[in-house]
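Residue numbers (the numbering used here): 3 to 161.
Quick reminder that beta carbons are idealized off the backbone N, C-alpha and C, glycines included.
A quick write-up on the structure given underneath.
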């Protein structure tokens, strides 16, 4: 695999949108709750503020989700499997990977990498779930990851 470009897996646009909307809804619920509490103890905020309390966090959450989604991913190359997200990065060298498989975790199908130390690492992508988390190419991506791992583990990529 000398000089070959690494395979990269990132959340789909639909997954990024779903994550952003999730963050936005949480923010909107928090801001409306603060607005209701403020209205109970002090004079109520003006009427135009309520749509802002909902739309502001929704749009902010969508933007944060888009940025975070583009930063999250997995890069598979000569050295091994490199994961990256907003908060952490890690590398699992090929010689430490003893198994790679798709598993059900909660409501999602995820890819887990098992290392020789007994540690299981859940990859940030690919994954598949319901509604916005669905990835129609999940099985193909798992097959590709498995093929790359087996090729490195058992003797190079075919010519």
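Measuring straight from C-alpha to C-alpha, what distance separates residue i and residue j?
{"i": "residue 86", "j": "residue 30", "result": "28 Å"}
{"i": "residue 105", "j": "residue 156", "result": "23 Å"}
{"i": "residue 94", "j": "residue 117", "result": "8 Å"}
{"i": "residue 143", "j": "residue 19", "result": "20 Å"}
{"i": "residue 147", "j": "residue 61", "result": "34 Å"}
{"i": "residue 129", "j": "residue 44", "result": "46 Å"}
{"i": "residue 140", "j": "residue 131", "result": "10 Å"}
{"i": "residue 136", "j": "residue 11", "result": "15 Å"}
{"i": "residue 42", "j": "residue 34", "result": "12 Å"}
{"i": "residue 89", "j": "residue 68", "result": "15 Å"}
Write down the C-beta distance between residue i and residue j rounded to the nearest angstrom, noting that I regard them as a contact closer than 8 Å.
{"i": "residue 66", "j": "residue 127", "result": "In fact, because the Cβ distance is near 18 Å, the residues do not count as touching under 8 Å."}
{"i": "residue 26", "j": "residue 64", "result": "5 Å"}
Could you give the DSSP three-state label for residue i: helix, strand or coil?
{"i": "residue 136", "result": "coil"}
{"i": "residue 8", "result": "coil"}
Suppose the cutoff is 6 Å on Cβ atoms and the five residues either side in sequence are ignored; what does the same chain contact list for residue i look like?
{"i": "residue 124", "result": "112, 114"}
{"i": "residue 101", "result": "116"}
Under 8 Å Cβ to Cβ from residue i, same chain only, skipping five residues before and after it: list those, please.
{"i": "residue 98", "result": "82, 117, 118, 119"}
{"i": "residue 21", "result": "13, 67, 70, 71, 134"}
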